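Position in the sequence shown (first residue = 1) + 10 = the numbering used here. Positions of the beta carbon are idealized from the N, C-alpha and C atoms, including for glycine. All values reported here derive from a predicted model rather than from experimental measurement. What follows is a single structure, written as structure tokens, with notes after it.
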Amino acid sequence: SRGLGDVYKRQVLKVMDRRAGGSGARAATSNTNPADLTPQNMIVTQTLARHILIRQRQGLQDADVERRLQGYRDQIRAKTADFEALAKKFSEDGSAPNGGLLGWMGPGELVPPFEIAMNRLQIGEVSDPVKTEFGWHLIQVLERRDAQLTVEKQREFARAAIRERKFEQAYQDWLRQLRDTATVKILNLDEQVR
Numbered sequence: 011s012r013g014l015g016d017v018y019k020r021q022v023l024k025v026m027d028r029r030a031g032g033s034g035a036r037a038a039t040s041n042t043n044p045a046d047l048t049p050q051n052m053i054v055t056q057t058l059a060r061h062i063l064i065r066q067r068q069g070l071q072d073a074d075v076e077r078r079l080q081g082y083r084d085q086i087r088a089k090t091a092d093f094e095a096l097a098k099k100f101s102e103d104g105s106a107p108n109g110g111l112l113g114w115m116g117p118g119e120l121v122p123p124f125e126i127a128m129n130r131l132q133i134g135e136v137s138d139p140v141k142t143e144f145g146w147h148l149i150q151v152l153e154r155r156d157a158q159l160t161v162e163k164q165r166e167f168a169r170a171a172i173r174e175r176k177f178e179q180a181y182q183d184w185l186r187q188l189r190d191t192a193t194v195k196i197l198n199l200d201e202q203v204r
């Protein structure tokens, strides 16, 4: 049986670098310049969520999996089934023994389709089926809280901000070089048509 740590690593975590500059950190004050952020005012919203995962595998049609998860969702919404019990019984994830509980997750820690769907949910709400690179998920948000970024996350945020600035500078240099070396030739369209 896999531990909760494996769930993070193997199921829904992604490498922070996949979304340059997308750490989701925000200032607790009105300050929005990343260079001016301090450890005391770097706050993120964390979400406590659970999910049911049906893994992708050969011979399993997306429409069938989606229909199956919609059935679970309908049972949960009708209060004829409990999300935790369904996750324990049907989820194909290491978090299944814990009722699909993923723990507290911050911005950038989940694959984008999962994170986007999760962020749209209200507390207690259950998502429609969501497809990711791992398979199909049903997501339930249990709670949200604001928390300061850990030192490790602050470093990742700083690295992403630096990468973004370097990329922007390189892009501007490239555009300037294109403009400097470009040759503009004005053609008379009437002569070209004949």
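#1: Spell out the partners DSSP gives Arg-65 in its beta bridges.
#2: Would you list, in sequence order, the uninterrupted alpha helix (DSSP H) runs of no fewer than 4 residues that lie entirely inside the stretch 54-106?
#3: Is the Cβ-Cβ distance between Arg-60 and Gly-116 less than 8 Å?
#4: In chain order, what residues of the same chain have a beta carbon less than 7 Å from the beta carbon of Val-75, not counting five sequence neighbours either side?
#5: Provide the residue span of the alpha helix (DSSP H) that contains Leu-185, from first to last.
#6: Rounded to the nearest angstrom, what separates Leu-58 and Ala-170 at their Cα positions?
#7: Could you tell me the alpha carbon to alpha carbon distance between Asp-72 and Ser-101, rounded to whole angstroms?
#8: From Val-136 to Glu-162, what does the alpha carbon distance come to, in whole angstroms?
#9: Thinking just about the alpha-carbon of each residue, which of Phe-167, Asp-84, Gln-158, Thr-191 is nearest to the one in Pro-139?
#10: Assuming contact is defined by CB atoms lying nearer than 8 Å, are Ile-133 and Leu-152 in contact in what I supplied?
#11: Quick one: give me the first and last residue of the beta strand (DSSP E) that Leu-111 is part of.
#12: Going straight from the alpha carbon of Trp-184 to that of Val-194, what length do you get?
#13: How far does the alpha helix (DSSP H) with Glu-125 in it extend, from its first residue to its last?
#14: In the DSSP output, what is Asp-156 paired with across the bridge?
In short, the structure shows the following:
#1: Here residue 65 refers to the residue found at position 55 when the sequence shown is read from its first residue. Its beta-bridge partners are Gly-145.
#2: Those alpha helix (DSSP H) runs which fall completely within the stretch 54-106 and span 4+ residues are 72-87, 93-100.
#3: For the purposes of this step, residue 60 is identified with residue 50 of the sequence shown, where counting begins at 1. For the purposes of this step, residue 116 is identified with residue 106 of the sequence shown, where counting begins at 1. Taking 8 Å as the Cβ cut-off, Arg-60 and Gly-116 do not qualify as a contacting pair.
#4: Looking up residue 75 in the sequence shown gives position 65. For Val-75, where only same-chain residues beyond five positions count, the Cβ hits under 7 Å are Ile-64, Trp-146.
#5: Residue numbering aside, residue 185 sits at position 175 when the sequence shown is read from its first letter. Note, Leu-185: alpha helix (DSSP H), 161-191.
#6: Counting from one through the sequence shown, the residue named residue 58 turns up at place 48. Counting from one through the sequence shown, the residue named residue 170 turns up at place 160. One C-alpha to the other measures close to 25 Å.
#7: Counting from 1 along the sequence shown, the entry for residue 72 is found at position 62. Counting from 1 along the sequence shown, the entry for residue 101 is found at position 91. So the two alpha carbons sit approximately 16 Å from each other.
#8: Numbered from its first residue, the sequence shown carries residue 136 at position 126. Numbered from its first residue, the sequence shown carries residue 162 at position 152. Between Val-136 and Glu-162, the C-alpha separation is close to 31 Å.
#9: Here residue 139 refers to the residue found at position 129 when the sequence shown is read from its first residue. Its Cα nearest to that of Pro-139, the residue Asp-84 stands out among Phe-167, Asp-84, Gln-158, Thr-191.
#10: Stepping through the sequence shown from its first residue, residue 133 is reached at position 123. Stepping through the sequence shown from its first residue, residue 152 is reached at position 142. A contact, by the Cβ cut-off of 8 Å.
#11: By one-based count along the sequence shown, residue 111 stands at place 101. Where Leu-111 is concerned, the enclosing beta strand (DSSP E) starts and stops at 111-115.
#12: Numbered from its first residue, the sequence shown carries residue 184 at position 174. Numbered from its first residue, the sequence shown carries residue 194 at position 184. Each residue's Cα considered, the two are about 18 Å apart.
#13: Start at 1 with the first residue of the sequence shown, and residue 125 comes out as number 115. 122-130 is the span of the alpha helix (DSSP H), which, as asked, contains Glu-125.
#14: As a first step, residue 156 is located in the sequence shown; it is residue number 146 there, counting from the start. The partner list for Asp-156 (beta bridge, DSSP) reads Thr-55.
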